[in-house]
Amino acid sequence: MLRRASAPPAALELLAQARAGLDEAAHLDTPNERYATAHLAALRTAAAVLAARGRPELSPRRRQRIRSAWEVLPEIAPELTEWSALFASGAARRARAEAGIQGAATLRDADDLLRDVAMFLRLVERMLVLQPVLPQPRKEPPDAG
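According to this note's numbering, the sequence shown is numbered sequentially starting from 209.
Structure, rendered in structure tokens:
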């Protein structure tokens with residue numbers, strides 16, 4: 209089975225930003241910074257999926273409230289529903305950590321999130337970048353027959 213890159217450039221750029229953010233988070237000293245930066249890497253990873261698989265809304269609807277990536281992701285990629293729930297549950301903590309609230313995230317919270325985001329990013333990279341492609345049938349030479 210051959211493999212080829214199939215994600216659009218915007219999705220690949222978001223994956224690169226997520227990878228860089230995850231690397232940055234691993235080197236930050238304070239738990240709040242580590243947590244917030246790792247969570248942002250998860251958000252960029254989700255955005256890459258939305259960029260690659262997102263579909264424009266076809267039916268005319270009145271403007272609805274803005275939904276988070278964690279709410280939309282399960283509709284676009286149902287196989288990532290559990291990941292969406294995990295990262296959605298950490299969004300309030302990330303907001304507190306970004307606001308600089310002392311103790312919003314512990315070192316263990318940050319380290320656990322770093323591991324989770326690393327697994328999520330690897331999964332999405334495999335899902336988007338290396339898509340299986342069936343071998344193409346061999347073409348007969350023009351003089352065969």
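For every residue, glycine included, the Cβ atom is placed at its ideal position computed from N, Cα and C.
Asked, Found
"Kindly indicate which three-state DSSP category Ser-431 falls into: helix, strand or coil?", "Examination of residue 431 is not possible in this model, given that the chain is present from 209 through 353 alone."
"Taking the alpha helix (DSSP H) that Arg-263 belongs to, which residues open and close that run?", "Careful: Arg-263 lies outside any alpha helix (DSSP H) and carries neither H nor E."
"Pick helix, strand or coil for Met-209, following the three-state DSSP scheme.", "Reliability of the predicted coordinates at Met-209 is poor, the pLDDT of 40 falling under 50, and the value obtained from them is presented with this limitation in mind. Coil."
"Give the secondary structure of Ser-169 by DSSP, where H, G and I count as helix, E and B as strand, and everything else as coil.", "Because residue 169 is not part of the residues shown, which for the chain are 209 to 353, the question remains open."
"Distance, Cα to Cα, Leu-223 vs Ala-296?", "19 Å"
"Any contact of the region 226–234 with the region 249–257, i.e. 3+ C-beta pairs under 8 Å?", "yes"
"Out of Thr-238, Trp-291, Leu-321 and Asp-324, which has the shortest C-alpha to C-alpha gap to Ile-309?", "Thr-238"
"State the CB to CB distance for the pair Tyr-243 and Leu-329, rounded to an integer number of angstroms; the pair is presumed to be in contact (CB under 8 Å).", "Not really, about 16 Å apart at Cβ, beyond 8 Å."
"Once the 5 residues before and after Ala-215 are set aside, which same chain residues still bring their CB inside 6 Å of it?", "Ala-260, Leu-336 and Val-337"
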